[in-house]
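Right, one structure below, let's go through it.
The following block contains the structure:
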């Protein structure tokens with residue numbers, strides 16, 4: 003998926019992403035950057051964060067190692 007940035011720095015969150023995250027008009031999101039990645043935090047309570055995160059994508063990296071590295075940086 004790809005979106006363009008407007009001259010005001012705005013972009014549209016793709017419909018597929020909004021549906022996957024359950025984002026509705028009026029919801030708030032927070033933007034975070036970690037090691038060159040952008041994380042969008044939807045301001046909704048997630049019952050099981052680990053299950054939620056691991057269900058979102060398949061990746062070729064060790065999540066535990068990444069969390070440890072981030073903790074060391076903080």
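Residue numbers (our numbering): 3 to 76.
Glycine residues also receive a C-beta, built at the ideal position from the N, C-alpha and C atoms.
The structure displayed is predicted, hence computed values, not measured ones.
Open item on the list: Give me the residue from 53, 38 and 33 with the minimum Cα distance to residue 82.
Closed with: The structure shown does not extend to residue 82, since the chain is modelled only from 3 to 76, so the question has no answer here.
Task: Delimiting residues of the alpha helix (DSSP H) encompassing residue 72 - done: As a first step, residue 72 is located in the chain shown; it is residue number 70 there, counting from the start. 65-75 is the extent of the alpha helix (DSSP H) around residue 72.
- [ ] Within its chain, find whatever has a CB closer than 7 angstroms to the CB of residue 5; leave out the 5 residues flanking it on each side and keep chain order.
- [x] Position 3 of the chain shown, counted from the first residue, corresponds to residue 5. Cβ within range, chain order: 13, 14 and 16.
Open item on the list: As a quick exercise: from 19, 8 and 9, pick the residue whose alpha carbon is nearest that of residue 59.
Closed with: Here residue 59 is taken as the residue at index 57 of the chain shown, counted from 1. The shortest C-alpha separation from residue 59 is found at 19.
- [ ] Determine the DSSP secondary structure at residue 22, reduced to helix, strand or coil.
- [x] Taking the chain shown and counting its residues from 1, one reaches residue 22 at position 20. Residue state, collapsed to three classes: helix.
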